[in-house]
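K.L.:
Following this message is one structure expressed as structure tokens.
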Amino acid sequence: MSVIEKDFVPVGYTADNITGKVTWKAPSNIALVKYWGKRENQIPANPSISFTLDACNTTTTLFYVKHNSKGADFSFDFFFEGEPKDDFRPKIEVFFKRTEHYLPFLRDYHFKIETSNSFPHSSGIASSASGMAALSLCLMDLEKQLNPEMDTDFMYRKASFLARLGSGSACRSIQGDLIQWGAHSDIHGSSDKYGIQYPFQVHEVFKNYHDTILLVDKGKKQVSSTVGHNLMHGHPYAAQRFEQAHQNISRLKPVFVDGNLKEFINIVESEALTLHAMMMTSQPYFVLMKPNTLEIINKIWEFRKESNSNICFTLDAGANVHVLYPEFEKEKVHQFIKNGLIVFCEKEQYICDRIGFGAKKM
Ligand code: DP6
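Okay, here's the thing in structure tokens:
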């Protein structure tokens, strides 16, 4: 075990909390340089960087009651939007198994986990990032009560470390506003184990960037991210792709300093299309884009050319399109989205989000 992992194993607790509850709200995030491919124990095959979002978030309340003795199994009830949800239980079980070494109190309590999302469940927006981040923060909050000396930086770092074990991209959903996860030679302090706040200068233009999420397909995607990540093992282009992600993070460094939006667009759109190119070239191959995803991309390119706008797109592992643009173009881009893009959305639905500053205790 590396020194870092050992650091996250508590030596003992000074307090003894019997019962209580904590609530945290954690945001979703959108990767600019994508995480696609991982090794054992949720170690990313390449570094990634993301904007933390604001409007799309998960709120989780963790109720805890201490048992008289350590339980043989994890003991918890799970409620999603007020209803018991058994199909979420296996994910939480796996998460508890992966994290119990670092949270030795997990079997000491019965938990009730109540969680809800700000965005519609069937929107095709992944809730695993914000969900795992919110739960990890609740658990760290409890650990801080058991160990009041814990400092806040450590608490956030360990929350990110735990969230990663639940879902990789979740480790980028603890803080804001620009988060880097994965060891990179140019970024001191970067780690495969947790996300860090981007440590370099970032131009004003990126401080209030917008992300309007166009809901092209609200259905459940046919291939989960976890399956997709695994298909990068033995993928013919994997090595070049991982190398390219390192290069793109280096290329972004001066872009973030100068606010060079042309170069930003070039990197971000290339990353999105490369992600989907990896899917289309794995064995088995698959396509998550829909015809309307491509319609939107083409319209964005047309509009950018005609109006000299800095609008661009990125994609997650799905058909929805994230439309990114700076604050100073807000009016013109909103107009374009309303008049030119929402016809391609399922039921004309979209979510106006923007860069956010991290999770909050409620
Ligand atoms: C395409 O974090 O959902 O959104 O670690 O298996 O839970 P697991 O995968 P997940 O993968 C997200 C992939 C992505 C790109 C990104 O967010 O960087």
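Be aware that the sequence shown starts at 85, since it is given in our numbering, and climbs by one per residue.
Where a beta carbon is used, it is the ideal one built from N, C-alpha and C, also for glycine.
Quick caveat: nothing in here was measured; it's all calculated off a predicted structure.
(1) With a CB to CB cut of under 6 angstroms and the five nearest residues on each side skipped, what residues in its chain are close to residue 127?
(2) So, for residue 252: in the same chain, excluding its five sequence neighbours on each side, which residues have a beta-carbon less than 7 angstroms away from its beta-carbon?
(3) Less than 9 angstroms separating the beta-carbons of residue 255 and residue 244?
(4) How should residue 264 be labelled, buried or exposed, when 16 other C-beta atoms within 10 angstroms of its C-beta is the threshold for buried?
(5) Would you list the one or two residues that DSSP bridges to residue 193?
(6) If you drop the 5 nearest sequence neighbours on each side, which residues of the same chain put their C-beta closer than 7 angstroms to that of residue 84?
(7) Any residue with its Cβ nearer than 5 angstroms to a heavy atom of the ligand DP6 should be included. What is that list in chain order?
(8) Spatial neighbours of residue 293 within its chain, please: C-beta separation below 8 angstroms, excluding the five flanking residues on both sides.
(9) At the level of alpha carbons, what is the spacing between residue 347 and residue 182?
(10) Does the beta-carbon of residue 259 have 16 or more other beta-carbons within 10 angstroms, so that it is buried, or is it exposed?
(11) So, with DSSP's three-state summary, where would you put residue 171?
(12) Ignoring anything shorter than 4 residues or poking outside the region 291-338, list the alpha helix (DSSP H) runs there in chain order.
(13) What span of residues does the alpha helix (DSSP H) with residue 245 cover, start to end?
(14) Please determine, among 146, 164, 189 and 144, the residue with the shortest C-alpha to C-alpha distance to residue 157.
(15) Among all the DSSP beta bridges, which residues are the ones paired with residue 264?
(16) Which residues in the same chain have their Cβ closer than 8 angstroms to the Cβ of residue 248, if we skip the five residues on either side of it in sequence?
(17) In whole angstroms, what is the alpha-carbon distance linking residue 93 and residue 300?
(18) Near residue 319, what residues of its chain come up, given a Cβ to Cβ distance below 6 angstroms and the 5 sequence neighbours on each side ignored?
(19) May I have the straight-line CA-CA distance separating residue 88 from residue 161, to the nearest angstrom?
(20) Going by other Cβ atoms of all chains shown within 10 Å of its Cβ, with 16 needed for buried, is residue 363 buried or exposed?
(21) Would residue 154 and residue 102 qualify as a contact pair, given that the criterion is a beta-carbon distance under 9 angstroms?
(22) Can you list, in chain order, the residues of its chain with a C-beta nearer than 8 angstroms to that of residue 430? Leave out the 5 residues immediately preceding and following it.
(23) What did DSSP end up calling residue 444 once you bin it into helix, strand or coil?
(24) Quick one: Cα of residue 141 to Cα of residue 111, how far?
(25) Does the beta-carbon distance from residue 227 to residue 216 come in below 9 angstroms?
(26) So what does DSSP say about residue 104, is it helix, strand or coil?
(27) Kindly indicate which residue of 284, 109 and 192 has the alpha-carbon position closest to the one of residue 148.
(28) In whole angstroms, what separates the C-alpha of residue 230 from that of residue 242?
(29) Using the three-state DSSP reduction, which class does residue 200 fall into: helix, strand or coil?
(30) Using DSSP with H/G/I as helix, E/B as strand and the rest coil, what is residue 389?
(31) Alpha carbon to alpha carbon, what distance is there between residue 132 and residue 267?
(32) Alpha carbon to alpha carbon, what distance is there between residue 379 and residue 402?
(33) Check the C-beta distance from residue 137 over to residue 237 and give it rounded, since I have them as a contact under 8 angstroms.
(34) Report buried or exposed for residue 96, applying the criterion of at least 16 other Cβ atoms within 10 angstroms of its Cβ.
(35) Could you tell me which uninterrupted alpha helix (DSSP H) segments, each at least 4 residues in length, are contained entirely in the region 335-388, listed from first to last along the chain?
P.N.:
So, from the listed chains and residues:
(1) Numbered from 1 along the sequence shown, position 43 holds the residue referred to as residue 127. Correct list, in chain order: 276.
(2) In the sequence shown, the residue the question calls residue 252 occupies position 168. Cβ within range, chain order: 119, 122, 126 and 128.
(3) On the sequence shown, residue 255 is found 171 positions in, with the first residue counted as 1. On the sequence shown, residue 244 is found 160 positions in, with the first residue counted as 1. For residue 255 and residue 244, yes; Cβs fall inside 9 angstroms.
(4) Locating residue 264 in the sequence shown gives position 180, counting from the first residue. Residue 264 should be labelled buried.
(5) Mapped onto the sequence shown, residue 193 falls at position 109. BP columns for residue 193 point to 150.
(6) Given that the chain is displayed from residue 85 to residue 446, the structure contains no residue 84 and the question cannot be resolved.
(7) 115, 118, 119, 132, 251, 252, 253, 309, 310, 400 and 401
(8) Here residue 293 refers to the residue found at position 209 when the sequence shown is read from its first residue. The residues are 135, 408, 409, 410, 411, 438 and 439.
(9) By one-based count along the sequence shown, residue 347 stands at place 263. By one-based count along the sequence shown, residue 182 stands at place 98. Distance between the alpha carbons of residue 347 and residue 182: 39 angstroms.
(10) Against the sequence shown, residue 259 aligns to sequence position 175. Buried: at least 16 other Cβ atoms inside 10 Å.
(11) Along the sequence shown, read from residue 1 onward, the residue named residue 171 stands at position 87. The answer is helix: DSSP assigns residue 171 an H, G or I state.
(12) 309-314
(13) On the sequence shown, position 161 is the one that residue 245 refers to. Per DSSP, residue 245 belongs to the alpha helix (DSSP H) from 236-250.
(14) For the purposes of this step, residue 157 is taken as residue 73 along the sequence shown, with counting starting at 1. Of 146, 164, 189 and 144, the residue nearest in Cα terms is 189.
(15) Position 180 of the sequence shown, counting from 1, holds the residue named residue 264. DSSP output for residue 264 lists 133 and 280 as bridge partner(s).
(16) As a working note, residue 248 is residue 164 in the sequence shown. So the qualifying residues of the chain are 126, 254, 255, 265, 277, 278 and 279.
(17) For the purposes of this step, residue 93 is taken as residue 9 along the sequence shown, with counting starting at 1. For the purposes of this step, residue 300 is taken as residue 216 along the sequence shown, with counting starting at 1. Spanning the two alpha carbons is a distance of roughly 43 angstroms.
(18) Residue numbering aside, residue 319 sits at position 235 when the sequence shown is read from its first letter. Same-chain partners within the cutoff: 366.
(19) The sequence position of residue 88 within the sequence shown is 4, counting from 1. The sequence position of residue 161 within the sequence shown is 77, counting from 1. Cα to Cα, the separation comes out at about 32 angstroms.
(20) Against the sequence shown, residue 363 aligns to sequence position 279. Buried, since its Cβ has 16 or more Cβ neighbours within 10 Å.
(21) Within the sequence shown, numbered from 1, the residue matching residue 154 stands at position 70. Within the sequence shown, numbered from 1, the residue matching residue 102 stands at position 18. No, these two residues do not count as a Cβ contact at 9 angstroms.
(22) One-based indexing of the sequence shown puts residue 430 at position 346. Excluding sequence neighbours, residue 430 sits near 299, 300, 301 and 302.
(23) The residue you call residue 444 lines up with position 360 of the sequence shown. Under the three-state reduction of DSSP, residue 444 is assigned to strand.
(24) If you number the sequence shown from 1, residue 141 lands on position 57. If you number the sequence shown from 1, residue 111 lands on position 27. Straight-line Cα distance between these residues: approximately 4 angstroms.
(25) Taking the sequence shown and counting its residues from 1, one reaches residue 227 at position 143. Taking the sequence shown and counting its residues from 1, one reaches residue 216 at position 132. It is not a contact, given that the beta carbons lie outside the stated cut-off.
(26) Looking up residue 104 in the sequence shown gives position 20. Strand, per DSSP.
(27) Against the sequence shown, residue 148 aligns to sequence position 64. Nearest of 284, 109 and 192 to residue 148, Cα basis: 192.
(28) Here the question's residue 230 lines up with position 146 in the sequence shown. Here the question's residue 242 lines up with position 158 in the sequence shown. The straight-line gap from Cα to Cα measures roughly 15 angstroms.
(29) The residue labelled residue 200 in the question sits at position 116 within the sequence shown. Strand at residue 200.
(30) As a working note, residue 389 is residue 305 in the sequence shown. The answer is helix: DSSP assigns residue 389 an H, G or I state.
(31) Counting from one through the sequence shown, the residue named residue 267 turns up at place 183. Counting from one through the sequence shown, the residue named residue 132 turns up at place 48. Approximately 9 angstroms, taken between the alpha carbons.
(32) Residue mapping note: residue 402 aligns to position 318 of the sequence shown, counting from 1. Residue mapping note: residue 379 aligns to position 295 of the sequence shown, counting from 1. Going by the C-alpha atoms only, they are around 15 angstroms apart.
(33) Here residue 137 is taken as the residue at index 53 of the sequence shown, counted from 1. Here residue 237 is taken as the residue at index 153 of the sequence shown, counted from 1. Residue 137 to residue 237, Cβ: 22 angstroms. No contact.
(34) Position 12 of the sequence shown, counted from the first residue, corresponds to residue 96. Exposed, since its Cβ has fewer than 16 Cβ neighbours within 10 Å.
(35) 345-364
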